[in-house]
Structures are given as C-alpha cells and as structure tokens.
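The structure appears right after this line, and notes come after that.
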Amino acid sequence: MDIAAKVAFLSQPSVYPDHPSRVDVIQTHMSWVFLTDQLVYKLKKPVRFDFLDFSTLERRHHDCMEELRLNRRLAPDVYLDVVPLTIDASGQLHLGNEGEPVEWLVKIKRLPRELMLDQAIANNQVDQSDVRDFTKRLAEFYQQAEPVAMTAQAYQQRLAQSIHAYSQGLLKPDYEIPHRRVDTVRKSLLNYLSEKSDLFNTRIAEHRIVEAHGDLRPEHVCLTRPPVFIDCLEFNRDLRNLDPADELAFLALECEYAGAGWIGQVVFETYRQQTDDDPPQSLIYFYKALRARLSIQHLDDHDTNERQKWTRRALDYLQLAEHHAEMLGK
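Each residue of the sequence shown is one higher than the last, beginning at 60 in the numbering used here.
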C-alpha cells in the first residue's frame, strides 16, 4: 500500500478515537502531521537524506520511539504514545487496532496555539516572567544532562565545518546573495574561532557540551504552566550535542528575527542566574551569527514558488549574521 493511500485514510475524522470535527493535514520534508481537535499524529515519510534514513518501516518505528523518549525529557505529558497503523486480512486499514503494522505514528497532545512562543510574540502576549519561567526550566534541564565526551579539537573542527557549511548555504543561487557579504561573515567567524581557541577549550574543559533539545525555536516553546518544549531533533544525536549557550543563542536569534530581541537578553540573564555558567557576550554573538545559517536552511522547508519572499528572508538573516559578526570585534 502506497503512502498516498495511508495519508488519505488518516485524513478522515472517523479514524480517530477522539471523534474530531475535522482533521487538518500538514506536510513537511520528513513527515505528515494530522491534527485533530485534541491530538496530533505524526507519520514519518519513507525518505532518506544525508542526515537521516526513514527508508524502512523498522527505521521509522525506531525514530518514532526515539521521538517519544527524547521529547518526554521536556514535555513528559505531551508525548503520549507510539501507535501502529495496521492492515487486516481484508486489506482494511485501522489506527491502533490489531493487525499487521504498516506504519507507526507518534501520538501527541495538541497544545494551545496561542501559547506557543512565536504566536505569543506576534500577539504581544509574552512578558519577562514568561521568559524567566521557561529559561529556568531549560537551565535545570541543561544542569541535569550528562556532559558529552568531546575533545576541544573535535569541537572546534565541528564549528569550523559549520562555518563553511553556512557560507555554502548562503551562496545558493535561489537566495541571490552577494558573495562578498557572505565571505566577510565567514572570515569574521573563522577569525574569532582561531583567536578565541582558549575560550572553546574552556567550554570543553568545563563539560558544557550536553545532549540538548537540538531545535529550540520559538514555535517549539509553549508557555503553559509549567512550560514545555516540543519537537526536539530526534534523528541525529550529534546534532543534539550542543553548548547550551549555542542553543539559547539560536532561540534568541529567532526571537530577534520576530521583533522581540529583548527575549534573548532575559534568557541569558536568567540562565546566568540559575547556573554556574557565564558565557561571554562575544561567544553569544558568535553563536548567533553562526546560527543564522541554520535559519536560512529552514527556509528550504517552505514553498519554493514564493521565491521573492524567501530571498528577502534569507537577506534578513544574513543581515542579522553580519550584525552579530561585527559585534565580535567590539
């Protein structure tokens, strides 16, 4: 049975136990997401990329289980189960019933859209107490996480590779970005990495690198009480192994792009108060400039027919990268 038939089946409200009034369907590069009134069901696509492999049912099941396990670290009551999509002897599909599994889905509690940080920013409904609350939870999470064994040399090599990948990503013809601007940012980041080698050595010596969330964007932060964090990066452990200052800089950058730069300031103030870590401001600028590359890569997840819109956004992120790279010398 092909994926289209499975998606068509899962798009029907009658399939779901909570008897929803409708099912909204969202497609990404890696998943189909089915939203009912109260729940979310996530189906992995049978795809393979350089950084993941969902090409077999066994691999997709494993990734579903990892998504459940890892997201329960920061959203324990939100990620509910992994359920099978089965087929019976007559060829009829069922969700969660007995039969032969033909797919697996992650079952997730649906969160209030208005409480997601990106929406709260857009509606001007987030204040400093909200930011302090979720940062305290993140600080606790980072402090409880086991440090990742990594040499200083390996970490700096990884950062250098990211800088070069950042440059190549920005030079995609679709973005129409001047090469000179990209090269200026690249050189600034590489110079900082070289000149501040002792700083990165210290981050490693102090065991700062942990298995983090991996994709800490505003749309993955929910301002419930207590706050929860969803959609961690489950498919690649290496991409989750991060300096908390890097991960928080990514969140700060995305908030800055959304017009709420003050959030990053409160995040780092609170983080410093709650931990024994005091990352220098220049390191935060470095991580922000580097993280702009990831934000540009996320633009590839959207409709390429809106080329002018995404080119403008790529230039906006480049401008943020330039700003933070310039701050490295001050």
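For every residue, glycine included, the Cβ atom is placed at its ideal position computed from N, Cα and C. Computed from a predicted structure; not experimentally measured.
Which residues mark the beginning and the end of the alpha helix (DSSP H) in which residue 70 is found?
-> Where residue 70 is concerned, there is no enclosing alpha helix (DSSP H), given that its DSSP letter is neither H nor E.
Under the three-state reduction of DSSP, which class applies to residue 220: helix, strand or coil?
-> For residue 220, the three-state secondary structure derived from DSSP is helix.
Alpha-carbon to alpha-carbon, residue 75 and residue 279 | Their Cα atoms are separated by approximately 25 Å.
Supposed contact pair residue 98 and residue 112 - C-beta distance, whole angstroms, cut 8 Å | Residue 112 to residue 98, Cβ: 27 Å. No contact.
Given residue 92 as reference, the closest of 108, 71 and 107 once Cα atoms are compared = For residue 92, the closest alpha carbon among the candidates 108, 71 and 107 is that of 71.
For the 8 Å Cβ check, are there 3 or more pairs between the region 339-354 and the region 382-389?
-> Output reads yes: the region 382-389 touches the region 339-354.
Pairing CB atoms from the region 137-156 with CB atoms from the region 103-112, are three or more of them under 8 Å?
-> By the C-beta criterion, the region 137-156 is judged not to be in contact with the region 103-112, since fewer than 3 inter-stretch pairs fall below 8 Å.
Could you work out which residue in 320, 284 and 245 is closest to residue 192 when comparing CA atoms only?
-> Residue 284 is the option with its Cα nearest to residue 192.
State whether the region 285-302 contacts the region 261-277, with contact taken as three or more CB pairs (one from each stretch) at a distance under 8 Å.
-> Yes, the region 285-302 touches the region 261-277.
Have a look at residue 337 and residue 309 and give me their C-alpha separation to the nearest angstrom.
-> Computed Cα separation, rounded: 17 Å.
Express the C-alpha separation of residue 207 and residue 266 in angstroms, rounding to a whole number.
-> Rounded to the nearest whole angstrom, the CA to CA distance from residue 266 to residue 207 is 7 Å.
Taking the C-alpha atoms as reference points, what is the distance between residue 85 and residue 66?
-> A straight-line Cα-Cα distance of about 11 Å links residue 85 and residue 66.
Taking residue 82 as the reference, give the member of 90, 68, 89 and 88 with the closest Cα.
-> If we check each option's Cα against that of residue 82, 68 comes out closest.
Would you mind sorting residue 95 into buried or exposed? The rule is 16 or more other CB atoms within 10 Å of its CB.
-> Per the 10 Å Cβ criterion, buried.
Figure out for me which residue from 227, 200 and 296 has the closest Cα to the Cα of residue 2.
-> Not covered by the structure: residue 2. The range shown for the chain is 60 to 389.
Do the region 247-258 and the region 177-195 touch if we need at least three Cβ pairs shorter than 8 Å?
-> Touching, no.
Other residues of its chain near residue 139: CB distance less than 7 Å, five sequence neighbours each side excluded | Take residue 139, set aside five residues on each side of it, and the residues of its chain with a beta-carbon closer than 7 Å to its own are 166, 167 and 168, in chain order.
Minimum length 3: unbroken beta strand (DSSP E) runs contained in the region 94-166 = If we require 3 residues or more, the beta strand (DSSP E) runs fully inside the region 94-166 come out as 98-103, 138-146 and 152-154.
Beta carbon of residue 268: closer than 7 Å to some heavy atom of the ligand ZN?
-> Ligands in the displayed structure: none, and consequently the ligand ZN is not present.
Mind checking residue 435: buried by the 16 CB within 10 Å criterion, or exposed?
-> The question about residue 435 has no answer, for the chain in this structure spans 60 to 389.
Going by the beta-carbon positions, is the gap between residue 173 and residue 182 smaller than 8 Å?
-> Between residue 173 and residue 182, the C-beta spacing is below 8 Å.
Count the other CB atoms within 10 Å of the CB of residue 247; is the residue buried (16 or more) or exposed (fewer)?
-> So residue 247 counts as buried.
Give the DSSP-derived three-state secondary structure of residue 381 in the structure shown.
-> Helix at residue 381.
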